Amino acid sequence: MLLDLEMLRIRFGAFSPVDQVTLSVDRGQILGIVGESGSGKSLTATAIMGLLPRIGGQVAAGTIRFDGTDLVGLPEREMRRLRGGRIALITQNPMTSLDSMMRIGPQIDQAARLHLGLSRSAARARSLELMADLRIPDPASVYDLFPHQLSGGMKQRIVIAMALAGDPELLIADEPTTALDVTVQAQIVQILVDLARQRGLGLILITHDMGVVAQACDRVAVMYCGRVVELAEVDALFEHPRHPYTQALIRCIPRHDMARGTMSAIPGIVPSAAAQPPGCRFNPRCARVADRCRVEIPELRVGASGNGVACHVAEAA
Amino acid sequence: MSGHRALALLKAVSTFKGGISGAFLLLLVIGALFAPWLSPYPYDQQDLGIMNQAPSLTHLFGTDEFGRDVLSRMITGARTSLSVSITAIGISVLLGLVLGATCGYFGGTFDRVVMTVIDLTWSFPEILIALMLVAIIGPGLEGVVIAIAIAYLAQFTRLTRTQIMSLKSETYVEATVSLGAGHTHILFSHLLPNALAPVLVAAMLATGDAIILEATLGFFGLGAQPPTPSWGAMMSSGTAQLFIAPWVILLPGLAVALTVVFINLFGDAVIAALDVRAKFREA
């Protein structure tokens, strides 16, 4: 396994917004992390990047094993070498992810110069090559533009190029398509899928779009309130979702053959980190809630297949 | 980056306000730079036969109590005023950038200690701090430069700090951090270039104030020592002849006033062109 998270718990002061996160990605594999806003997807990514201290959090328990080394407690100096080098992050919003005072080219060059020790001209050549790979038209002239001169989709490609410049083995894309038009979204997702397949990158695709998951991912981790509630192969997940939350999510995907006015939604709202219900965190909204769910927190049990579900009802079935 | 700046400057100069003030300041700088060649007489040439003469064709701005040519002394005085205030503000901006960036970026105890001291200096009027410092260092141009630099330090440190603090949480900085960049790279390649524009405008406006401060210190006899002319010192010696030779005090005074007004007008034009007023208000 390239990346292996086991029972990860993230703590901010007295709160643990992320707990019991177990998931893994291999080279050439695409793992989707889905969940509503505030379910801890981005925090998990931040933890993998070792950037929690920047926002005042810390890993309280569990391991983040990258290619055999545990990243938890790794000295900052070594973490910095991995960050942007072997592990790269594609940030959420391409509109604000670029420095508006710096030309496009030098921004892409950064990682190659930092991690591969390339000279200015070698980094430039590499960046131009990357830009061409990402189907950016006329890389040589785009190289000298400023961010405000590019469209959103083009900026997202630049952000991807920045992440690829350090030659990463693991790529984390944190909602890479939320700020983009639907047509551009599909292109960007396709670019990411191709990258994982052709370069053998491990790719973690964080999204709240089940459509993107179905289109791109091999495996899926479904998160709710900071916990992984179901971990499965993508086909299995869509055909036989086991956790009631997953089932409800899939029911919420709009389809073209639906009758008018039959869009479904999950009743209730995501509880805040300060007001978590006792027992299973989904129990107030769950259609199949049992008495046990209101007192005992279900644990995610991952079987030999690497799949698992954290639900008393589903396990009993 | 530099293209942006050059364009903004061009835009500033192309307005009426910016054009007029820019032209005046350019003339002033040229005058100061080439003072020895431009002034009609040596600034220290005394001729007791022509004491306190009114402006005439031979002495355009008249003569002072030693029969020295006022115009020549003013041109050389421009040199003193400009070089002292620009050097002082330059030092102040550099120090302010370093201190403000360090405080804003790292925060913590260092930030608290430095900012407390800075706020303390800010609670006194600049003139008071400058007088106190010159009293400690001793009169002379070096003392004045240091005094002015420290008197204006608070302003630049605060401005830079606020800028850096708000820029620090921008997504592109986070993106750069996740590329594995170190603190130096983030500070110098991403934060400072973005924080610079408002600081430079503030520096330009402060240069106007610094010229007044320099003239004030000169007037008190704490700045340039005779025979080196400075506008403040000329006004000071002119007070004695206020009623027999008013030009000796009025003309240098006018020079100070005009210079400061035009610096402010030019600063305004640049603010409009750079569109940093919003950032200014935040700080």
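Chains A and F are the protein sequences, given in the same order.
So for the first sequence, this note's numbering puts the first residue at 123; every next one is plus one.
So for the second sequence, this note's numbering puts the first residue at 76; every next one is plus one.
Idealized CB from N, CA, C, for every residue including glycine.
Everything numeric in this text was worked out from a predicted model, so none of it was measured.
Report buried or exposed for residue i, applying the criterion of at least 16 other Cβ atoms within 10 angstroms of its Cβ.
i	result
V274 (chain F)	buried
D284 (chain F)	buried
G154 (chain A)	buried
F109 (chain F)	exposed
M76 (chain F)	Any answer about M76 (chain F) is weak, because its pLDDT of 44 lies below 50 and its placement is not dependable; what the coordinates show is given next. So M76 (chain F) counts as exposed.
W112 (chain F)	exposed
R356 (chain F)	Here the model assigns R356 (chain F) a pLDDT of 47, short of 50, so the residue's position is not dependable, and the following value carries that caveat. The residue is exposed, with fewer than 16 neighbouring Cβ atoms inside 10 Å.
E251 (chain A)	exposed
G275 (chain A)	buried
A295 (chain A)	buried
Q307 (chain A)	buried
A353 (chain F)	In this predicted model, A353 (chain F) has a pLDDT of only 47, less than 50, meaning its place in the structure is not dependable enough to derive any value.
D357 (chain A)	exposed
I105 (chain F)	exposed
V304 (chain A)	exposed
E437 (chain A)	exposed
C408 (chain A)	buried
T155 (chain F)	buried
D231 (chain A)	buried
D260 (chain A)	exposed
T438 (chain F)	Outside the shown range of chain F (76 to 358) lies residue 438 (chain F), about which nothing can therefore be said.
L230 (chain F)	For the record, residue 230 (chain F) in the displayed sequence is Gln; it is not Leu. Buried.
A245 (chain A)	buried
What residues are listed by DSSP as bridge partners for residue i?
i	result
A183 (chain A)	A:R131
L211 (chain A)	A:I294
F137 (chain A)	A:F134
S198 (chain F)	DSSP, once it has assigned bridges, lists no residue as partnering S198 (chain F).
M345 (chain A)	A:V350
F185 (chain F)	Paired residue(s): none; F185 (chain F) is not in a bridge.
I326 (chain A)	A:L153 and A:I294
E355 (chain A)	A:R341
R423 (chain A)	A:V431
S146 (chain A)	A:D126
T138 (chain F)	F:D144
R205 (chain A)	A:I209
Out of the options, point me to the one whose CA is closest to residue i's CA.
i	options	result
I367 (chain F)	F:W306, F:A332, F:N339 and F:S167	Chain F is shown only over 76 to 358; residue 367 (chain F) falls outside these bounds and no answer can be derived.
A412 (chain A)	A:P366, A:G430, A:M385 and A:R373	A:P366
I211 (chain F)	F:D122, F:L297, F:V88 and F:V323	F:L297
T191 (chain F)	F:E217, F:T232 and F:I204	F:T232
E158 (chain A)	A:V351, A:L145, A:R208 and A:R176	A:V351
E201 (chain F)	F:T291, F:P115, F:V173 and F:T177	F:T291
R403 (chain A)	A:S386, A:M217, A:M385 and A:L422	A:L422
C513 (chain A)	A:R321, A:G348, A:L359 and A:D266	Residue numbering for chain A in the displayed model covers 123 to 439; residue 513 (chain A) lies beyond these limits and cannot be assessed.
T251 (chain F)	A:P216, A:G383 and A:D189	A:P216
P115 (chain F)	F:D122, F:N127, F:L103 and F:T133	F:T133
Q120 (chain F)	F:Q316, F:A348, F:G142 and F:T235	F:G142
A308 (chain F)	F:L325, F:F318 and F:I319	F:L325
Check whether the Cβ atoms of residue i and residue j sit closer than 8 Å, and answer yes or no.
i	j	result
I164 (chain F)	T282 (chain F)	yes
V417 (chain A)	I152 (chain A)	no
S311 (chain F)	F294 (chain F)	yes
A169 (chain A)	I212 (chain A)	no
G150 (chain A)	S253 (chain F)	no
S161 (chain A)	M332 (chain A)	no
K277 (chain A)	P290 (chain A)	no
M171 (chain A)	I209 (chain A)	yes
G152 (chain F)	P302 (chain F)	no
C347 (chain A)	Q398 (chain A)	yes
P139 (chain A)	A395 (chain A)	yes
L286 (chain A)	I280 (chain A)	no
G342 (chain F)	V276 (chain F)	yes
L256 (chain A)	I313 (chain A)	yes
I372 (chain A)	P363 (chain A)	yes
A343 (chain A)	L145 (chain A)	yes
R203 (chain A)	G255 (chain F)	yes
L157 (chain F)	L146 (chain F)	no
L172 (chain F)	L267 (chain F)	yes
Establish whether the CB of residue i and some CB of chain B are separated by less than 8 Å.
i	result
R187 (chain A)	Absence of chain B from the displayed structure is noted, the protein chains being A and F.
Interface residues of the stretch 229–256 of chain A facing chain F [CB-CB below 9 Å]:
Shown in chain order are the members of the stretch 229–256 of chain A whose Cβ falls below 9 Å from a Cβ of chain F: Q229, Q232, A233, L236 and H237.
Chain A contacts made by the stretch 97–111 of chain F, where a contact means CB separation under 8 Å:
So the list is empty, because no residue satisfies the distance condition.
Please name the residues in the stretch 246–263 of chain F whose beta-carbon is closer than 9 Å to at least one beta-carbon of chain A, in chain order.
In summary, the residues of the stretch 246–263 of chain F whose CB is separated from some CB of chain A by less than 9 Å are T246, Y247, V248, E249, A250, T251, V252, S253, L254, G255, A256, G257 and H260, in the order they occur in the chain.
Against chain A, which members of the stretch 266–292 of chain F pass a CB distance test of less than 7 Å?
If the cut-off is 7 Å between Cβ atoms, the stretch 266–292 of chain F has P268 and N269 near chain A.
Contacting positions in the stretch 154–182 of chain A - beta carbon closer than 8 Å to chain F
Taking 8 Å as the Cβ-Cβ cut-off against chain F, the residues of the stretch 154–182 of chain A that qualify are M171, L173 and R176.
Got a sec: which bits of the stretch 253–282 of chain A sit with their beta carbon under 9 Å from any beta carbon on chain F, in order along the chain?
Of all residues in the stretch 253–282 of chain A, those with a C-beta nearer than 9 Å to a C-beta of chain F are F268, P269 and V281, reading in chain order.
Please name the residues in the stretch 204–216 of chain A whose beta-carbon is closer than 8 Å to at least one beta-carbon of chain F, in chain order.
With the criterion set as a beta carbon lying under 8 Å from some beta carbon of chain F, the members of the stretch 204–216 of chain A are L204, R205, G206, G207, A210, L211, T213, Q214 and N215, in sequence order.
Please list the residues of the stretch 305–335 of chain A that have a C-beta atom closer than 7 Å to any C-beta atom in chain F, keeping them in chain order.
Here the close residues number zero.
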